[in-house]
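Per my numbering, residue 785 is the first one in the sequence shown, and the count goes up by one each step.
Ideal placement from N, C-alpha and C gives every residue a C-beta, glycine not left out.
None of the values given here were measured: they were computed from a predicted structure.
One structure is given below, encoded as structure tokens.
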Amino acid sequence: MNTKPLQISAMSLECAAELFGVLSTPVRLQIIRVLCDGEQNVTHLLAQIEISQPNMSHHLQVLYQSGVLVRRRDGHQMFYRLADAAKALVCKLVCPQPGTEEQSFVGLD
């Protein structure tokens, strides 16, 4: 079977490497998994992920600055949501919900 190698631009590879670097922290993956269910405020995120508020703020800032999250202020509360479905899909594939681990990697052998 003669197949052509997949052509990917250097810029695409750089963007992918940056995204995987941002996602390389378990806490950030947890944040993204929670936000896959929809927009949440920081208080809700802290209730779901047991880390300190300053630590949460740091991780949210990294995710926001990298373009993974968008945010909005409502009074004194800050709300975060995923910037786009593609990044959420990457996270879902590498970090499936409990009970679906086997299904996510079927066919990757």
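| task | Would you identify the three-state DSSP class for V890, choosing helix, strand or coil? | result | Reliability fails at V890, whose pLDDT of 46 lies under 50, so the model's placement of it is uncertain and no value is given.
| request: Would you grab the beta carbon distance between Q824 and Y864 for me? Rounded to a whole angstrom, and I think it's under 8 Å. | output: 6 Å
| field | CB contact flag (S836, V806, <8 Å) | value | no
| For L873, which residues does DSSP report across the bridge? | DSSP, once it has assigned bridges, lists no residue as partnering L873.
| said: Please list the terminal residues of the continuous alpha helix (DSSP H) segment that includes Q837. | reply: Q837 to Q849
| Is L844 closer than 8 Å to I816 when the C-beta atoms are compared? | no
| Backbone CA spacing between D868 and Q861 [nearest angstrom] | 22 Å
| message | Considering just the uninterrupted stretch of the alpha helix (DSSP H) at L813, what are its terminal residues? | response | P810 to L819
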